[in-house]
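Reading the sequence shown from the start, the letters are residues -25 to -1, 1 to 112 in mature numbering (1 follows the signal peptide of the UniProt record, and there is no 0).
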Amino acid sequence: MPVLLKSILSAVLFGGLILAAPAFAQKPNTTTNYVNLNVVNFQKELAAQKGVVLDVRTPTEFAQGHLPHAINMNYQDPEFEQAIKNLKPNQPYFIYCAKGGRSAKACDQLKANNLKKVYNLEGGIAAWQQAGQVIVK
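Take a look at the structure:
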């Protein structure tokens, strides 16, 4: 293949890759209306905003150990939805569960009820403990 043809073909392929790159770029997570935070950032935001920590695990799980100053608000309780309606809409809420599944669902419900500042602890209390953070009983 002549050198000129190879050069043109290479330029066309390279240009195509450059133009296609935005299609493959990572997009922000737009499926949630709350903020997922790792342990370090969860602590930083909590300290900065003086929010309310909600543990959405069962009372039995809560009794086995929880984050300092956490309030137990069992996601599986039939009264959970009603309890959300009693929360202050402009108060920051920091939510966690065992590993992050229930807290993500709880965060969705809080946001659906017009709570403005909702933060989810990625990995839940398991991540908190793995990071060596304090648990109280």
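Note that CB positions come from ideal geometry on N, CA and C, so glycine has one too.
Assigned exposure category for residue i - 16 Cβ within 10 Å defines buried
| i | result |
| --- | --- |
| Pro67 | buried |
| His41 | buried |
| Lys2 | In this prediction, Lys2 scores a pLDDT of 35, lower than 50, which makes its location untrustworthy; the coordinate-derived value is nonetheless stated afterwards. Exposed, by the Cβ-count rule. |
| Ile46 | exposed |
| Ile100 | buried |
| Val111 | exposed |
| Val31 | buried |
Contacting residues, own chain, Cβ-Cβ under 7 Å from residue i (five flanking each side not counted)
| i | result |
| --- | --- |
| Gly76 | none |
6 Å Cβ shell around residue i - same chain, five flanking residues per side excluded
| i | result |
| --- | --- |
| Val93 | Tyr9, Tyr68, Cys82, Leu85 and Lys86 |
Separation of residue j from residue i, as counted between CA atoms
| i | j | result |
| --- | --- | --- |
| Lys60 | Asp52 | 14 Å |
| Val28 | Met48 | 10 Å |
| Asn95 | Lys80 | 10 Å |
| Ile70 | Gln24 | 14 Å |
| Asn4 | Glu97 | Low confidence applies here, because Asn4 scores a pLDDT of 41, under 50, leaving its location unreliable and the question unanswered by this model. |
| Pro64 | Ala106 | 31 Å |
Any non-hydrogen atom of the ligand ATP closer than 7 Å to residue i Cβ
| i | result |
| --- | --- |
| Glu54 | No copy of the ligand ATP occurs in the structure displayed, which carries no ligand at all. |
Contact with chain B by residue i, beta-carbon distance below 8 Å
| i | result |
| --- | --- |
| Gly98 | Among the chains of the structure shown, chain B does not appear; only one protein chain is present. |
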